[in-house]
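One structure is given below, encoded as structure tokens.
Chains as they are written, first to last, in the working numbering: chain S, 1 to 537; chain C, 1001 to 1537.
Right under this line is the structure:
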């Protein structure tokens, strides 16, 4: 048994080969060529190598598979991964005995889920066996097959003559966490569709499975609503060039589905809604300066029935446009100063017996909103403030932890002690940048690293890397996100014991070159080079 | 007289209109459309607007001009700026009376310098008068005309109907400092030619005039030497794909010349030379571990005549390949530990009476190197350590200040008190990144902000923004550099009194959108949008 991973010490890194995962060193050539990211749960490989010829190699449905050519998810993925493996090679005509002739993809459940959407419950496990003359990829459904195809493509390496090789390998793999997400913010800056799709592509290369689309916020409202067209007409940076049409949104969802990625939209209220106010009269609270309105507006007005009527209609639309079982409802950072200034709100506070505790008013709003959304049969995710304020939540609510104070470990303990599912983002605010190798701290954070029972730990469904949009747009988003988000990807997919930074450095440096080769401008970890450098700008 | 600059308060910014530069506000439309960067020395404009039609407008040589169609610098620039102004517009057929029909470019000296190279002494001043029916750009030579063409193109703005407008304007402009540079590092990461050219393009948009090419270093030697081909053959990341051929270097120099940009190569010795050792036997000092060589190597071996013989041949080549009057010889960060470990070096130290002061050995080397380079008739630039160590320098040597300690203000005072030309980089190490609007501190730094006489201040020839390559390559270099380097550009070009951050924010946000429109992925300063977003990735 051999260690195929690049374990040799390099710059930062003295890698430790431990356990059965990393058996021994293979010759340098192989060490340089292969690196899996994120690392599979169970992995055995030998130095026996097979060649793959673009002229003869095929990815096919296994005879026993429940899926066939009508499964567009798999057909698209076969083509994509064939191109990743052979895209840059001239065809090699001659076929040798030692060739690997095919990869059989075998879907084992009766329903391959080819026409469905991935969900929190999706089984993403797979088994991959590479041996002569065929490799076999077994998975319960198409989603697991997608993960296995990515792994297969990562096993292929070029030898000195440019030929594609793959070593005899056995892999049994599954994710540690079910929710592995990336948040992109299309409100602080509008993100052209092309940028979103490229990042979904990169997500698939890193086995991420949730695109958390923070689609609107104070600064702009690019979501084009069929029910309330004025929202984007008056709230987007530009009503035509800086919006997501219904067709754009469909394309994002379908492109993501093809890669086993859920799309969870966030419509954050009652704060972060300045842009909403442009299109919907009386939705926001008028702020007062002394005894008269100042002309500025605060959070959603929680004392008007019209606000709830609007939310009912709006979320009815959202629940049909986005197929995922969950919607993110935000609920973070509500600024009370405007509410406090408004005499009608003050009166309402007295009527309700809230005293001067405006978090009670916030909870009052959120409570009603949650009921509205629950009526659409969707589950909801909320930022941690909603939990912290004691709002009554459905049992399946997911609490999204993001604050730095109090320590996120304490918050995770509290949320899980209360029996709620939770996911972590605090250490993964990738918009925050600093000089040097900040991926190391990103990599070291662990969402289960808090004091709690096993039952509590099981309530951690995963985490999300967040790239808030104040300082990023199409010019710099992709290299800022990758490969830093890849560090989160391995934390959320691989076994808890995979923590060796030196080993990770070597694999990640090669993984980022692989992303570059596939067209993603992932930035360098440190000095060095890729065989094929990025050829965009 | 009207203020054409966007003086209206916006987000960060309460702009102050002061002096005759900023007379008064014009209507909002104009404020949104126009912004000059860097701001000219003298500037008058009125609300009278002329239209420019792509069907009729021309950039032409003035009848009195000493330059004509054989001046390729100007011919190329006419085409380039015509495309910047009209590139995204459909042609407008009808010509109106109020149209500006041409820009006449009038070169006033007998020698327009069309076939030469820019230098430290180049006169880059120009005068621009925009009035019916012709605009006139007057400059002593082609270099000043290039700066004026950039300014002219920045004056053009689109009205609500997409038509190009320009206001009646008088500008008299010249740079505050003669040396306005950008350092790129092609050793820590190889930079494809395309990336270097794109950044030269961006430099011209910001009136930078020096490309300091830190071409080789410890990590790799991509410069392909005709005299010593082994240097890149054995010292580059890859001998074919990661090198600059003689033709590549020529192309960079010519592309830069067309934009009035000098190319100053840096071949840093005796430290930062690990990659040189691969191709040249015995060039580097063998380090010792106890009494035997450890197998590793240190700085250039200063005690062998062969080292100086090599440098003589090598710099003879460099002095012919690079036409600029200056070469940057580095001389920074020499690590003495290897020298200290080597018994031959120890013996030499005793012979020379250097005691244990290895900075004397460093000076011994640098002194001989400077004499070698002086013999090629080139001037030299060196990092501040060479001055700090008391090396004897030619009077025209330029001392490049970069260290954070002691304070750069003290160093600038010392260097100029000793009568040397100096340039500043300390506050402009743009490889250092942090979260938020770090351009503000970049903008606030001033190279003449130290205690000294007027004569000392005059010895400050300018400064350079440095983007060291440890963490940047083709994937992320351009958005990391721009528009942060633009802040340096205005500091080095515009009048000392131009320091209003709010006003700068508004102009810079628009200037970065202009760069984006011209194909440069300059990152955003903060939230907001460009009319035309970046359409690469």
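In this text, a Cβ means the ideal position worked out from N, Cα and C, and glycines have one as well.
Would you report the Cα separation of residue i and residue j, rounded to the nearest angstrom?
| i | j | result |
| --- | --- | --- |
| residue 538 of chain S | residue 285 of chain S | No information on residue 538 of chain S is available, as it lies outside the stretch 1 to 537 that chain S covers here. |
| residue 415 of chain S | residue 397 of chain S | 11 Å |
| residue 243 of chain S | residue 429 of chain S | 25 Å |
| residue 1328 of chain C | residue 180 of chain S | 49 Å |
| residue 1348 of chain C | residue 1335 of chain C | 17 Å |
| residue 1465 of chain C | residue 1367 of chain C | 27 Å |
| residue 509 of chain S | residue 517 of chain S | 13 Å |
| residue 532 of chain S | residue 1190 of chain C | 11 Å |
| residue 1029 of chain C | residue 1158 of chain C | A caution first: residue 1029 of chain C carries a pLDDT of 35, below 50, which makes its placement in the model unreliable, though a value can still be read off. If you take the alpha carbons of residue 1029 of chain C and residue 1158 of chain C, they lie about 9 Å apart. |
| residue 1023 of chain C | residue 1047 of chain C | The pLDDT assigned to residue 1023 of chain C is 30, lower than 50, so where the model puts this residue is not dependable; a value taken from the coordinates is nonetheless given after this. One C-alpha to the other measures close to 11 Å. |
| residue 1201 of chain C | residue 1259 of chain C | 8 Å |
| residue 346 of chain S | residue 273 of chain S | 21 Å |
| residue 422 of chain S | residue 390 of chain S | 15 Å |
| residue 278 of chain S | residue 295 of chain S | 13 Å |
| residue 522 of chain S | residue 1479 of chain C | 13 Å |
Can you check which of these residues, the options, is closest to residue i by C-alpha distance?
| i | options | result |
| --- | --- | --- |
| residue 1211 of chain C | C:1193, C:1182, C:1131, C:1192 | C:1182 |
| residue 1269 of chain C | C:1492, C:1466, C:1099, C:1365 | C:1365 |
| residue 384 of chain S | S:330, S:306, S:373, S:349 | S:330 |
| residue 1192 of chain C | C:1241, C:1064, C:1516 | C:1241 |
| residue 65 of chain S | S:41, S:107, S:35 | S:107 |
| residue 1175 of chain C | C:1463, C:1471, C:1162 | C:1463 |
| residue 1119 of chain C | C:1400, C:1257, C:1448 | C:1257 |
| residue 444 of chain S | S:452, S:468, S:485 | S:485 |
| residue 276 of chain S | S:251, S:316, S:229 | S:229 |
| residue 1456 of chain C | C:1440, C:1490, C:1411 | C:1411 |
| residue 474 of chain S | C:1168, C:1438, C:1527 | C:1527 |
| residue 1238 of chain C | C:1222, C:1253, C:1521, C:1471 | C:1222 |
| residue 1186 of chain C | C:1420, C:1490, C:1467, C:1122 | C:1467 |
| residue 44 of chain S | S:167, S:357, S:458 | S:167 |
| residue 427 of chain S | S:314, S:339, S:492, S:301 | S:492 |
| residue 1439 of chain C | C:1469, C:1453, C:1497, C:1504 | C:1504 |
Check the DSSP bridge columns for residue i and list the partner residues they point to.
| i | result |
| --- | --- |
| residue 327 of chain S | S:380 |
| residue 1166 of chain C | C:1050 |
| residue 105 of chain S | S:61, S:137 |
| residue 1262 of chain C | C:1210 |
| residue 297 of chain S | S:286 |
| residue 465 of chain S | S:182 |
| residue 171 of chain S | S:43, S:128 |
Using a Cβ-Cβ distance cut-off of 8 Å, determine whether residue i contacts chain S.
| i | result |
| --- | --- |
| residue 1548 of chain C | Because residue 1548 of chain C is not part of the residues shown, which for chain C are 1001 to 1537, the question remains open. |
| residue 1473 of chain C | yes |
| residue 1535 of chain C | yes |
| residue 1075 of chain C | no |
| residue 1192 of chain C | yes |
| residue 942 of chain C | This structure cannot speak to residue 942 of chain C, because chain C is shown only from 1001 to 1537. |
| residue 1526 of chain C | yes |
| residue 1432 of chain C | yes |
| residue 1483 of chain C | no |
State yes or no: is the beta carbon of residue i nearer than 8 Å to at least one beta carbon in chain C?
| i | result |
| --- | --- |
| residue 411 of chain S | no |
| residue 522 of chain S | yes |
| residue 219 of chain S | yes |
| residue 435 of chain S | yes |
| residue 239 of chain S | no |
| residue 476 of chain S | yes |
| residue 189 of chain S | yes |
| residue 470 of chain S | yes |
| residue 242 of chain S | yes |
Please report the Cβ distance between residue i and residue j, rounded to the nearest whole angstrom; I am assuming they are in contact, meaning their Cβ atoms lie under 8 Å.
| i | j | result |
| --- | --- | --- |
| residue 1099 of chain C | residue 1051 of chain C | 5 Å |
| residue 507 of chain S | residue 56 of chain S | No, residue 507 of chain S and residue 56 of chain S are not in contact; Cβ-Cβ is about 30 Å, not under 8 Å. |
| residue 477 of chain S | residue 195 of chain S | 6 Å |
| residue 308 of chain S | residue 342 of chain S | Actually they do not touch by this definition, with Cβ atoms about 18 Å apart. |
| residue 432 of chain S | residue 1471 of chain C | Not a contact, Cβ separation roughly 16 Å. |
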